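First residue of the sequence shown: 1, per the working numbering; consecutive thereafter.
Note that the Cβ used here is the ideal one computed from N, Cα and C, for glycine as well.
Small disclaimer: the values here were computed from a predicted structure and weren't measured.
Following: one structure in structure tokens, then a few remarks.
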Amino acid sequence: MPTKEGTKKTPKQKGIKFLKVLLTVVIIIAVIAAFIAAANLICLKSNENFISSIKTVDTDGLTPELDSDGYYTFTTDKDFKVVQLTDVHIGAGFLSSKKDSMSINAVEAMVRAEKPDLVIVTGDIAFPVPYKAGTLNNKNPSKIFADLMEQMGVYWCVAFGNHDTETYSYYDREQIGDFYSNKEKYPHCLFQKGPENVDGVGNYLIKVKNSKGEITNSFVMLDSGSYVDGDVFGILWKYDCVHKNQVDWYESQINLLTEENNGTVPPSLMFFHIPPLEMKDAYYAYKDNGFNDTDRVQYLYGKAGEKGAAICTSEYNYGLFDKVKELGSTKAVYMGHDHLNNFTLMYDGIQLSYGYSIDFLAYSGIS
Numbered sequence: 001m002p003t004k005e006g007t008k009k010t011p012k013q014k015g016i017k018f019l020k021v022l023l024t025v026v027i028i029i030a031v032i033a034a035f036i037a038a039a040n041l042i043c044l045k046s047n048e049n050f051i052s053s054i055k056t057v058d059t060d061g062l063t064p065e066l067d068s069d070g071y072y073t074f075t076t077d078k079d080f081k082v083v084q085l086t087d088v089h090i091g092a093g094f095l096s097s098k099k100d101s102m103s104i105n106a107v108e109a110m111v112r113a114e115k116p117d118l119v120i121v122t123g124d125i126a127f128p129v130p131y132k133a134g135t136l137n138n139k140n141p142s143k144i145f146a147d148l149m150e151q152m153g154v155y156w157c158v159a160f161g162n163h164d165t166e167t168y169s170y171y172d173r174e175q176i177g178d179f180y181s182n183k184e185k186y187p188h189c190l191f192q193k194g195p196e197n198v199d200g201v202g203n204y205l206i207k208v209k210n211s212k213g214e215i216t217n218s219f220v221m222l223d224s225g226s227y228v229d230g231d232v233f234g235i236l237w238k239y240d241c242v243h244k245n246q247v248d249w250y251e252s253q254i255n256l257l258t259e260e261n262n263g264t265v266p267p268s269l270m271f272f273h274i275p276p277l278e279m280k281d282a283y284y285a286y287k288d289n290g291f292n293d294t295d296r297v298q299y300l301y302g303k304a305g306e307k308g309a310a311i312c313t314s315e316y317n318y319g320l321f322d323k324v325k326e327l328g329s330t331k332a333v334y335m336g337h338d339h340l341n342n343f344t345l346m347y348d349g350i351q352l353s354y355g356y357s358i359d360f361l362a363y364s365g366i367s
């Protein structure tokens, strides 16, 4: 009979056993990863096939051209129709495929019904959150949406939201910005990355002129950022906002447009993702007055559907709203981010408007 000492494992035997266990774990992980990758690819192809069956939308056929200042410019003497979309939240993974197809269908139905000259998305096209979508790839959601708009033949642009490029996503803002800027593949996408010396990716304008060359409207897109103060993964709801050098850039562009417009300040609309602090100030002033208008705040339409009427803004403020009032160009500011809020208020003469979230994924069944 072997002794107790004779049954002890040698260091070499222990090492071999550890390697076997480690190899088994690695193989299991590799098999799971391969399964997920294959499932994601199959689901992506399924939605791409669905998109390829969609017919072109019949619009007025306006085609923008690059103006001398480098901005896309439409020319028309008719009314110019814009549709704002926000928080579409395409996951592009095997867990979200069915809901993605519902979002695609909703976007297609809205755009086909409205036949806009331009679609402006105020962020969060992508929602590649692993436990919801089954993927970290944020380029695939961007591709699904861009392919959809290209298939419909409708001009569009986007201001980035916090979910479009999460810390854990495969691609950062610069890379997704480059993807959207591919004019050979996406000629209907009017996104521009904007100046490199200004914070964010995607600070740019789109102009509308009449046949006399007068600017009848301009659309200002701004990158309101993602997270601040160490909230790397966005779990503490510490959000960023439009920075001071972006405010300065906005002022410089309005001044240039005014000069181009023979000294007349042209009207403009502004689009970004995360609400400014003034949206919270306006709402609570209205609420604290018994949900009645005040001298500074007037309710126009919509509801505050977020739990506790939450308005998730940054705690920082670099003077964008004050600059909007000072310059007298921008008549309305459009945003997203708070998925269940869709109200509009007038605050100090400036319209502050939430878009309607198209979302079957982040919040179940908003649409």
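| Helix or strand or just coil, what does DSSP make of K20? | Residue numbering aside, residue 20 sits at position 20 when the sequence shown is read from its first letter. Note: K20 maps to helix in three-state DSSP.
| request: Taking all protein chains shown into account, decide if N370 is buried (16 or more other Cβ within 10 angstroms of its Cβ) or exposed. | output: Nothing about residue 370 can be reported from this structure: the residues present for the chain run from 1 to 367 only.
| In the DSSP assignment, what residue or residues form a beta bridge with L44? | Counting from one through the sequence shown, the residue named residue 44 turns up at place 44. Bridge partners of L44: none, in fact.
| Can I254 and L327 be called in contact, C-beta distance under 8 angstroms? | Taking the sequence shown and counting its residues from 1, the one referred to as residue 254 is at position 254. Taking the sequence shown and counting its residues from 1, the one referred to as residue 327 is at position 327. Yes.
| request: Can you grab the Cα-Cα spacing for the pair N292 / I311, in whole Å? | output: Position 292 of the sequence shown, counted from the first residue, corresponds to residue 292. Position 311 of the sequence shown, counted from the first residue, corresponds to residue 311. Spanning the two alpha carbons is a distance of roughly 19 angstroms.
| query | Would DSSP call K331 helix, strand or coil? | reply | Along the sequence shown, one-based indexing puts residue 331 at 331. In the structure shown, the three-state DSSP call for K331 is strand.
| field | Cβ shell of D199 (< 8 angstroms), same chain only, five flanking positions each side left out | value | Taking the first residue of the sequence shown as 1, we reach residue 199 at position 199. Within its own chain, the residues whose Cβ lies closer than 8 angstroms to the Cβ of D199, once the five positions on either side in sequence are excluded, are D223, G225, H243, N245 and Q246, listed in chain order.
| Residue of D229, F321 and A304 minimising C-alpha distance to D248 | On the sequence shown, position 248 is the one that residue 248 refers to. Closest option to D248, Cα to Cα, is F321.
| Which same chain residues, not among the five before or five after V154, have their C-beta less than 7 angstroms away from its C-beta? | For the purposes of this step, residue 154 is taken as residue 154 along the sequence shown, with counting starting at 1. Hits under 7 angstroms: V57, T59, V111, P116, V119 and H188.
| query | Is it a yes or a no for the region 91–102 touching the region 34–41, going by three-plus beta-carbon pairs under 8 angstroms? | reply | In the pairwise beta carbon analysis, the region 91–102 is classified as touching the region 34–41: at least three pairs are separated by under 8 angstroms.
| task | Please go through the region 256–299 and give each complete beta strand (DSSP E) segment of 3 or more residues, from N-terminal end onward. | result | 268–271, all fully within the region 256–299.
| At what residues does the beta strand (DSSP E) containing V107 begin and finish? | Taking the first residue of the sequence shown as position 1, residue 107 is located at position 107. Counting along the chain, V107 falls outside any beta strand (DSSP E), though it belongs to the alpha helix (DSSP H) covering S97 to E114.
| With 16 as the cutoff for other CB atoms within 10 Å, does T86 come out buried or exposed? | Along the sequence shown, read from residue 1 onward, the residue named residue 86 stands at position 86. By the neighbour-count rule (16 or more Cβ atoms within 10 Å), T86 is buried.
| I28 - DSSP class collapsed to helix/strand/coil | Position 28 of the sequence shown, counted from the first residue, corresponds to residue 28. Annotated three-state conformation of I28 is helix, per DSSP.
| message | What would DSSP say about K303, mapped onto helix, strand or coil? | response | As a first step, residue 303 must be located in the sequence shown, where it is residue number 303. Of the three classes helix, strand and coil, the one that applies to K303 here is coil, per DSSP.
| field | the region 163–179 touching the region 123–134, judged by at least three CB pairs closer than 8 angstroms | value | With the cut-off at 8 angstroms, the region 163–179 and the region 123–134 touch.
| Would you call the region 344–359 and the region 134–148 in contact, with 3 or more CB pairs under 8 angstroms? | Too few Cβ pairs lie closer than 8 angstroms, so no.
| C157 bridges to which residues according to DSSP? | Walking along the sequence shown from the start, residue 157 turns up at place 157. Per DSSP, I120.
| query | Taking C-beta to C-beta, are H339 and A304 nearer than 8 angstroms? | reply | For the purposes of this step, residue 339 is identified with residue 339 of the sequence shown, where counting begins at 1. For the purposes of this step, residue 304 is identified with residue 304 of the sequence shown, where counting begins at 1. Against a cut-off of 8 angstroms, the Cβ pair of A304 and H339 comes out as no contact.
| request: Starting from N217, trace the beta strand (DSSP E) both ways and give me its first and last residue. | output: Residue 217 sits at position 217 when you count from the first residue of the sequence shown. Taken as a continuous stretch (DSSP letters only), the beta strand (DSSP E) holding N217 covers I215 to M221.
| request: May I ask you to verify whether the region 251–269 touches the region 205–220, counting CB pairs closer than 8 angstroms and requiring at least 3? | output: Yes, they touch.
| request: Return yes when the C-beta of L148 is under 7 angstroms from any heavy atom of the ligand FAD, and no when it is not. | output: No copy of the ligand FAD appears in this structure; indeed no ligand is present at all.
| Distance, Cα to Cα, F18 vs Y227? | Position 18 of the sequence shown holds residue 18. Position 227 of the sequence shown holds residue 227. If I take the Cα positions, the gap works out to 41 angstroms.
| task | Going by CA-CA distance only, name the one from E306, T264 and G308 that's closest to S329. | result | Taking the sequence shown and counting its residues from 1, the one referred to as residue 329 is at position 329. With distances taken between Cα atoms, S329 lies closest to T264.
| Euclidean distance between Cα positions of Q192 and Y334 | For this step, residue 192 is matched to residue 192 along the sequence shown. For this step, residue 334 is matched to residue 334 along the sequence shown. Put simply, the backbone Cα of Q192 is about 19 angstroms away from that of Y334.
| request: Return yes when the Cβ of S142 is within less than 8 angstroms of the Cβ of Y239, no when it is not. | output: As a first step, residue 239 is located in the sequence shown; it is residue number 239 there, counting from the start. As a first step, residue 142 is located in the sequence shown; it is residue number 142 there, counting from the start. In this structure, Y239 sits away from S142, with a CB-CB distance that is not shorter than 8 angstroms.
| request: Could you tell me which residues DSSP pairs with T344 in its beta bridges? | output: Within the sequence shown, residue 344 is the residue found at index 344, counting from 1. According to DSSP, which records beta bridges pairwise, T344 is partnered with Y301 and S353.
| field | Candidates I51, G161, I27 and L22: closest to H337 by CA position | value | By 1-based counting over the sequence shown, the position of residue 337 is 337. The residue with the shortest Cα to Cα distance from H337 is G161.
| task | Could you tell me if N47 is buried or exposed, where buried requires 16 or more neighbouring beta carbons within 10 angstroms of its beta carbon? | result | For the purposes of this step, residue 47 is taken as the residue at position 47 of the sequence shown. Flag for N47 reads buried.
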